[in-house]
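Scroll down for the structure; my scribbles are underneath it.
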Amino acid sequence: MRTATFMLALLGGASVCQAQIYHVTDLGTLGGQSYGFFIAESGLATGCASVAESQNFHAVSFQAGVLTDLGTVGGDSQSVAFSVDSAGRIIGMSFNLTDLRHGAFASGPAGLESIGDFAARAANARGDIAGYLNRSITGLGLVDRACVLLSGTTSPIELATLGGSNAYAFGLNNAQPARIVGLSFTTADSASHPALWIGGAVHDLGTLGGTRGCAYGINTHNQVVGTAETASGAPHAFRFTVDDAGNVLSRTDLGFLSGNQSCAYAINDVGQIVGNSFARACLWDDTGIHDLNQLIAPGSSWVLESAQWITGSGRIIGRGSLVGVPHAFLLTPCPADFNYDGALDSQDFFDFLGVFFATSPGADFNSSGLVDSQDLFDFLVAFFTGC
Amino acid sequence: MKNRVAAPLVGRPSALLLRILVLGGGVALIGGAAAAIFQAPPPGPFAEYPCAVLAYNDLGMHCMQQDFSEMMILPPFNTLRAQVIDRTHGSPEIVTSDITVRYSIPSNTHGADKTNFWAYAQPLLGFPLEPEVGLTGSRLSGIMTRMTPRDWGVVGIPLVPIDDSGRENPYPLATITVERDGQVIGRTQAVTPVSWEMSCQLCHNTPGISTATDILRAHDRLHFTNLEQQKPVFCAGCHMDNALGAPGVPGVSSMTAAMHGAHASRMGMIKLDNECYACHPGIRTQCQRDVHAAKGISCIECHGNMAAVGNPARQGWIDEPRCADCHSRPGFEFEPPGVLFRDAVGHQGIKCIACHSSPHAITPATTERDNLQSVSNQGHAGVIDSCTVCHITTPSDPFPHRRGD
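Have a look at this one:
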């Protein structure tokens, strides 16, 4: 019955309309600038914002339209919130500009609490936290090393490098053990490559032909995203697919909007990727690369400069410029515009059916983890209600 | 849990071991040929290398803009230089050939995703610039070239103050590695400071328009220009700027004269303990972090007030404070006339800046990382004053701090 109703409406053109794909929300400031780094499926978002008088950056959370100053830890002047862990704790790092030593924090009932002397950069649904720590090593001096704080433990485990002096972990997935990604310098520090850590082993993911690269995100399907130089030295966003042994199965250059430059920061489990290209926030999906500035209401005062995270349901957080001031933004998608072409029309219906009958993960319209009839019904509801 | 104690000096000999080594040195002096075996090596992480490497930034802070979409005052442009001293011989030698000097900034390996500088390079400069490539062709890592007969360097590193992790870091640490025949023979670390904390918005904050538009509109109103309609505007296109080597337009005041002169009488509008930090980084960055700052000496005590800095007769980046303006000690010599501290050469060809560190970060600095090179080479912060950083043995002749001694 639902399908019959839909088909009639479709033939009659009742639901065909031009629509913005994303609704953009200003997450506010503390009187200065703000940056958004992460949003959980619960809607709890994190980032940092400068305090008007001191201009120091403080970790902040955004939820239900409310921006909250989370302060700093232990007398530090700066803090940044990068993630939310499985328990809903906000994770990040606290530091002073005068010494730049790292302190990891987690939010608790009494505010931010120190959880170790390392830089916490990302957390997964299992409660593991990836980041990096400082070490002083004879012959090398003060170096940074990638590390992971496993759920339920109190001491971060240092991860191996690719033979070079420094390494950093920026993302991880929910696997057991977690697949951790970042960058590592190679032997003699002659190059810096995207790196993958599985258990205690480090794997060189290579580049797109150049000498430098960095991995920022990985999803549950072992798809890794980041930026890497091509043979000409141009930094391009990439998606590499790896197997459970850390072997690279494919390397995809994701291209760019303009300027021969792009960077990918995050990928969700349906394969949508966010990042930037030549100072424009962008989204990659099955149909290619999209300038997110073209997918919000025309005439906006926003310039969306970089997208930092995307949830499974397609909400995107990042940084933009609002009347020249950096502001954190949240993009809420119009999910029924399935092909992101800016028009809600019959092609969205056919595109959805295509992936639905292929049982592609992209057809998990309601992010339930399953592709089933409920996804179809939920798509139809969204379609007929105009997003 | 956070450890605020300075990092342990890995490899530093214990007090007992030092005594043994010193005693051994005394024996070695008598023994002659075996001297090198028994001498105390300089303490710190880089003691094992045959060469000492002393690296420095030329300014102590490079400020750049955060947003280039409307105007450009300063692009990303850092400079690193280094001297390499072979300490395996009886008399140390400055190495000027047959080595490879690499630089990298490990925490900051890419920048084009962190700033819109490259997106506006074409309209600002009149030519496109490849992402990650600076104005002089330098990248965030690479190989230094010979700069003078005595040192190596790289000019115009396009560094921005955001680490790859996403956090602000105005004091990223560069690693400089020296290789000969594929072997690492020296290494050091030096701060490569950069900040975009220019707080123009403290005054230029007309509601509904950007800070840059507010600035350009004020310029149009006061100087009968039409800059707002010409965005993005390259300020040094008209205002001569020695920092960028921009000739400007004849008859138009220099950048430093225009900026300082125009604002000197207006600074009372804001209430800052240090008014310089309204424009120079900054209220949170506190780029003046050297031994003078630690002693409570303010910017204007060396540079003069804004009216003095904005004097049209002053040559920006050339007429700068001199050590001898305040320091005097019988027998001591400082920069020769016409030579800046950063370029001056003292002890046997070693540059003043190599031992004292960068302007605005002269050791002991208030920032831990600016002291790291001293600590790594001699075990303590402050001017590099341990002879054994470069010499196998402590020379019997004193160093009287005269040029050429």
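If you're matching them up, the sequences are chains Z and A in order. Per the working numbering: the first sequence = residues 5 to 391. Per the working numbering: the second sequence = residues 22 to 426. Glycine is no exception: its CB is placed at the ideal position from the N, C-alpha and C atoms. This structure is a prediction, so every number in the text was calculated from the model and none was measured.
For residue i, collect the residues of the same chain with a Cβ closer than 7 Å to its Cβ; drop the 5 residues on either side in sequence, then sort them by chain order.
i	result
His-83 of chain A	Phe-98, Asn-99, Pro-214, Val-215
Ser-54 of chain Z	Leu-34, Gly-36, Gln-37, Asn-60, Phe-61
Phe-355 of chain A	Arg-343, Cys-344, Ala-345, His-348
Arg-183 of chain Z	Leu-176, Asn-177, Leu-200, Ile-202, Ile-222, Asn-226
Gly-52 of chain A	Bear in mind that a pLDDT of 29 at Gly-52 of chain A, under 50, signals an unreliable position, so the model cannot answer this.
Ala-57 of chain A	Because Ala-57 of chain A sits at a pLDDT of 35, beneath the cut-off of 50, its placement in the model cannot be relied upon, and the following sentence gives the value as read from the coordinates. Excluding positions up to five away in sequence, the list reads Ile-413.
Cys-256 of chain A	Met-92, Met-93, Ile-94, Met-276
Candidates the options: which alpha carbon is nearest residue i's?
i	options	result
Cys-52 of chain Z	Z:Val-84, Z:Ser-194, Z:Thr-224	Z:Val-84
Thr-157 of chain A	A:Tyr-141, A:Gly-174, A:Leu-248	A:Gly-174
His-412 of chain A	A:Arg-108, A:Cys-72, A:Phe-67	A:Arg-108
Tyr-220 of chain Z	Z:Ser-236, Z:Ala-205, Z:Trp-201	Z:Trp-201
Gln-276 of chain Z	Z:Ser-262, Z:Arg-319, Z:Phe-353	Z:Arg-319
Gly-163 of chain A	A:Thr-117, A:Ala-283, A:Thr-198	A:Thr-198
Ala-103 of chain A	A:Ala-211, A:Gly-147, A:Val-154, A:Pro-66	A:Ala-211
Met-92 of chain A	A:Phe-362, A:Pro-253, A:Leu-75, A:Gly-155	A:Pro-253
Asn-272 of chain Z	Z:Leu-253, Z:Gly-303, Z:Asn-223	Z:Asn-223
Glu-341 of chain A	A:Ile-321, A:Asp-172, A:Val-205	A:Ile-321
Gly-289 of chain A	A:Met-327, A:Phe-255, A:Thr-306, A:Ile-304	A:Met-327
Arg-350 of chain A	A:Arg-423, A:Pro-416, A:Ala-382	A:Arg-423
Would you please verify whether the beta carbon of residue i is less than 7 Å from any beta carbon of chain Z?
i	result
His-131 of chain A	yes
Met-22 of chain A	Note that Met-22 of chain A has pLDDT 45, beneath the 50 cutoff, so the model's placement of it is unreliable and no number is given.
Gln-104 of chain A	no
Pro-66 of chain A	yes
Ser-319 of chain A	no
Asp-107 of chain A	no
Leu-42 of chain A	Low confidence applies here, because Leu-42 of chain A scores a pLDDT of 30, under 50, leaving its location unreliable; read the following figure in that light. Closer than 7 Å: no.
Thr-166 of chain A	no
Thr-388 of chain A	yes
Arg-238 of chain A	no
Thr-232 of chain A	yes
What is the DSSP secondary structure of residue i, reduced to helix, strand or coil?
i	result
Tyr-298 of chain A	helix
Trp-139 of chain A	helix
Pro-239 of chain Z	strand
His-281 of chain A	helix
Asn-78 of chain A	strand
Val-205 of chain A	strand
Gly-217 of chain Z	strand
Gly-156 of chain Z	coil
Gln-250 of chain A	helix
Ala-301 of chain Z	coil
Arg-105 of chain Z	coil
Ser-363 of chain A	Inspection of the sequence shows that residue 363 of chain A is occupied by Arg rather than by Ser. Note: Arg-363 of chain A maps to helix in three-state DSSP.
Cys-323 of chain A	helix
Ala-334 of chain A	coil
Ala-268 of chain Z	strand
Cys-52 of chain Z	strand
Ala-114 of chain Z	coil
Met-276 of chain A	helix
Enumerate in chain order the residues of its own chain whose CB-to-CB distance from residue i is below 6 Å, with the five nearest sequence positions on each side excluded.
i	result
Pro-385 of chain A	Val-312, Asn-392, Ala-402, Gly-403
Pro-62 of chain A	Because the pLDDT at Pro-62 of chain A is just 49, under 50, the model does not fix this residue reliably, and the point stays unresolved.
Thr-234 of chain Z	Leu-212, Gly-213, Gly-214, His-240
Ser-128 of chain A	Asp-184, Pro-193
Thr-277 of chain A	Gly-337
Gly-282 of chain A	Gly-331
Can you find a C-beta in chain A that's less than 7 Å from the C-beta of residue i?
i	result
Asn-60 of chain Z	yes
Cys-267 of chain Z	yes
Pro-160 of chain Z	no
Ala-283 of chain Z	yes
Cys-218 of chain Z	yes
Ser-304 of chain Z	no
Once the 5 residues before and after residue i are set aside, which same chain residues still bring their CB inside 8 Å of it?
i	result
Ala-91 of chain Z	Gly-131
Glu-189 of chain A	Pro-182, Ile-183
Ser-305 of chain Z	Leu-326, Val-327
Return no unless some Cβ of chain C is closer than 7 Å to the Cβ of residue i.
i	result
Pro-416 of chain A	Note that chain C does not occur in the displayed structure, where the protein chains are Z and A.
Do residue i and the ligand NAD come close, with the Cβ less than 6 Å from some heavy atom?
i	result
Asp-121 of chain Z	Questions concerning the ligand NAD fall outside what the structure shown contains, since it holds no ligand whatsoever.
Decide yes or no for the touch test of the stretch 139-153 of chain Z against the stretch 117-124 of chain Z: beta carbon pairs closer than 8 Å, at least 3 of them.
Contact between the stretch 139-153 of chain Z and the stretch 117-124 of chain Z is present, because at least three Cβ pairs lie under 8 Å.
For the pair the stretch 295-303 of chain A and the stretch 237-250 of chain A, tell me if three or more CB-CB distances fall below 8 Å.
No: fewer than three Cβ pairs fall under 8 Å.
For the structure I just gave you, are there three or more beta carbon pairs, one from the stretch 103-120 of chain A and one from the stretch 405-423 of chain A, closer than 8 Å?
Contact check between the stretch 103-120 of chain A and the stretch 405-423 of chain A: three or more CB pairs, one atom from each, fall below 8 Å, which counts as touching.
Does the stretch 169-185 of chain Z come into contact with the stretch 124-139 of chain Z, if we say contact requires no fewer than three beta-carbon pairs (one atom in each stretch) closer than 8 Å?
Cβ pair count under 8 Å is three or more, so yes.
Below 8 Å, can you find three or more Cβ-Cβ pairs linking the stretch 314-321 of chain A to the stretch 257-272 of chain A?
Taking 8 Å as the limit for Cβ pairs, the verdict is that the stretch 257-272 of chain A does not touch the stretch 314-321 of chain A.
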